[in-house]
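Per the numbering used here, the very first residue in the sequence shown carries number 18; after that it's consecutive.
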Amino acid sequence: MINQLVCSLTTGYLTWLTDGGPLAVGLAVGLSWAITWQWRSLGAIVSLTAVSGCSYYRLFYGNTARLVHVDSKKVDNPVRRKLAKHIEGIIDNCPELKNPRYIPTFWAADQWTNMALLIAKQRFDKSLLRRTNYNRELLTMTDGGTVSIDFPADSHLPVDAP
């Protein structure tokens, strides 16, 4: 019974992460429950493997990420045009930059689980596991924005390291 519940909830969660609607989540949970009921542990393995494969496929091929860069034909400044052409040359030589794909791990595939992981990391990692002191430098940009740079106070790198 616990096996079925855990497997069905995990299947529903994975389906929900890949933007499955209520019908898809309900169908996945129901099928997972039935398969796990019929075949016990083997059913759980089959069910989770199938939904993981489908989730991977949807995340990989349903990815709409794109690289944003300046078109060199639309730049008037010759220095910026040269830089834009350089970036275009890099993109032309790197197929992964033309069609970027990022597939997150299943436990951090949406904003809420990422937020929970960030809170847990902030709460436990820095306080219990390591105590690293950081120096923060705030830079004010010409457009009024602020950039924050954190670097370790007790750096083990040589002074001339980049």
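Don't be surprised by glycine CBs; every beta carbon is placed ideally from N, CA and C.
By the Cβ test, the segment 51–70 is in contact with the segment 23–41, since at least three Cβ pairs between them sit closer than 8 angstroms.
Annotated three-state conformation of proline 117 is coil, per DSSP. A straight line joining the alpha-carbon of leucine 34 with that of alanine 101 spans about 36 angstroms.
Within the same chain, and ignoring the five residues on either side of asparagine 150 in sequence, the residues whose Cβ sits closer than 6 angstroms to its Cβ are Ala170. If you draw a 10 Å sphere on the C-beta of valine 46, you find 16 or more other C-beta atoms in it, and that means buried. A contact between stretches requires three or more CB pairs, one per stretch, nearer than 8 angstroms, and the segment 46–61 fails this requirement with the segment 86–96. With contacts defined as CB atoms closer than 9 angstroms, alanine 82 and proline 117 qualify as a contacting pair. A Cβ-Cβ distance of about 5 angstroms is found for the pair leucine 31 and serine 72, placing them in contact under the 8 angstroms criterion.
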